[in-house]
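Numbering (this note's numbering), first residue to last: 1163 to 1259. Don't be surprised by glycine CBs; every beta carbon is placed ideally from N, CA and C. For reference, the structure is listed below as structure tokens.
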Amino acid sequence: MNIHLSLYIEKLASPDEADAVEVAVQKVLNDHGIDSWMCIGVFHDPPWVKACSEHGPIIVRGFAEWSKTFERDVTAAILGVAPEAKIDLEWGYPDER
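And the structure:
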């Protein structure tokens, strides 16, 4: 299945926390094998992080199960370094257009 992923992490306490979120998100992307499809941006004023599949869709087999595991892992990783973070994760389905 082809999917797009947009992940916005806001309500971060500081630029250092934004940097820690970047590291945490990058690790989850690596662990799930989708890091090559993703771009991560870190912003310090105000502190927030963006991760998106900007260069084309991610190809995933077994999306229904995989997406649940990914959402659990990325949420735990982010909240582990930024407990007050607001996480907005959205999936896009380009094949359904």
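Suppose you measure from the CA of residue i to the CA of residue j; what does that come to, to the nearest Å?
{"i": "VAL1236", "j": "ASP1250", "result": "11 Å"}
{"i": "TYR1170", "j": "GLU1252", "result": "9 Å"}
{"i": "ALA1213", "j": "VAL1190", "result": "12 Å"}
{"i": "SER1229", "j": "TYR1255", "result": "13 Å"}
{"i": "ILE1165", "j": "ARG1234", "result": "18 Å"}
Under the rule that 16 or more other beta-carbon atoms within 10 Å means buried, what is residue i, buried or exposed?
{"i": "LEU1221", "result": "Strictly speaking, residue 1221 in this sequence is Ile, with Leu absent from that position. Looking at its Cβ environment, which holds fewer than 16 other Cβ atoms inside 10 Å, ILE1221 is exposed."}
{"i": "SER1176", "result": "exposed"}
{"i": "VAL1211", "result": "buried"}
Consult DSSP for residue i and reduce its assignment to one of helix, strand or coil.
{"i": "ALA1244", "result": "coil"}
{"i": "ASP1207", "result": "coil"}
For chain D, check one thing: does any of its Cβ atoms lie closer than 8 Å to the Cβ of residue i?
{"i": "LEU1191", "result": "The chain inventory of the structure shown lacks chain D, comprising one protein chain alone."}
Since residue i is in the beta strand (DSSP E), which residue starts that stretch and which ends it?
{"i": "GLU1265", "result": "A query on residue 1265 cannot be resolved here, the shown segment of the chain reaching from 1163 to 1259 and no further."}
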